[in-house]
Amino acid sequence: MKTIIIGLGNPILSDDSVGIKVARILQERVKDGTVPDLRTGLPVSLGEVVESGLSPSANINIDVVEIYAGGIRLMDAMVGYERAVIIDAMVTGKVSPGSLQTLPLSALISTRNMACMHDTNISTALELGKMIGLKLPDHISIFGIEAKDVETFSEELTEEVEKAVPEVVENIIKNIFGGGYENRRILL
138 MKTIIIGLGN PILSDDSVGI KVARILQERV KDGTVPDLRT GLPVSLGEVV ESGLSPSANI
198 NIDVVEIYAG GIRLMDAMVG YERAVIIDAM VTGKVSPGSL QTLPLSALIS TRNMACMHDT
258 NISTALELGK MIGLKLPDHI SIFGIEAKDV ETFSEELTEE VEKAVPEVVE NIIKNIFGGG
318 YENRRILL
């Protein structure tokens with residue numbers, strides 16, 4: 138399955154960059170061609186995963202990109218892919234910083250990175266893309282990571298969010314390769 142992983146955010150606004158930082162780690166994991174065996178946790182090559190039948194979704198071609206804007210730009214990045222995985226910071230104030238949640242597309246109509254005043258929201262952009270015949274993903278997975286600070290100019294994550302990144306990465310890998318995802322707090 139041709140898949141795009143999109144790290145969304147602003148690289149100089151502290152926790153707002155968490156989607157980008159997670160995508161960079163995923164890029165390294167994809168580049169080295171290994172993923173964890175979901176039974177043992179040991180690294181196996183993508184080829185071994187496909188051949189062994191560990192996951193029906195493992196036969197995939199993955200591209201990883203960083204995007205700093207939403208709407209039309211985000212939709213354009215998804216053209217030609219069967220699956221999109223979007224990773225972004227969120228600020229709900231309802232969960233601990235570093236918590237990972239899966240989100241429905243409808244929840245992203247007016248989020249900071251998914252739309253701006255000179256663009257459209259991602260839902261409208263996707264509708265427009267389909268109307269004009271663009272090949273857009275049938276499957277879009279959205280992961281929101283609770284941020285603590287999205288207003289301070291910094292290239293560093295807050296301590297709570299930084300600590301959560303390794304487990305966030307592992308949960309996203311499990312989701313992509315068929316291991317499922319438990320919608321739970323991931324604060325370490």
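Residue numbers 138 to 325, in my numbering, belong to the letters of the sequence shown in order. Cβ atoms here follow ideal geometry from the backbone N, Cα and C, with glycine treated the same way.
- Listed in chain order, the non-local C-beta contacts of P241 below 8 Å within the same chain comprise I279, local neighbours out to five positions each way being set aside.
- The alpha helix (DSSP H) runs of length 4 or more contained entirely in the region 257-324 are, from start to end of the chain, 259-268 and 296-313.
- The bridge partners DSSP lists for N198 are K139.
- Pairing T140 with E219 gives a Cβ-Cβ distance under 8 Å.
- Under the DSSP definition of a beta bridge, D225 partners with G281.
- For the pair V159 and A284, the CB atoms are not nearer than the 8 Å cut-off.
- Under the three-state reduction of DSSP, E219 is assigned to coil, being neither helix nor strand.
- Ranking I313, G144, G266 and M138 by CA distance to the CA of A226 puts G144 first.
- Take the alpha-carbon of V167 and the one of M268: they are about 33 Å apart.
- DSSP, reduced to helix, strand and coil, places G235 outside both helices and strands of the structure shown, so it counts as coil.
- In the DSSP annotation of this structure, the continuous segment of the alpha helix (DSSP H) that includes L163 starts and ends at V155 to K168.
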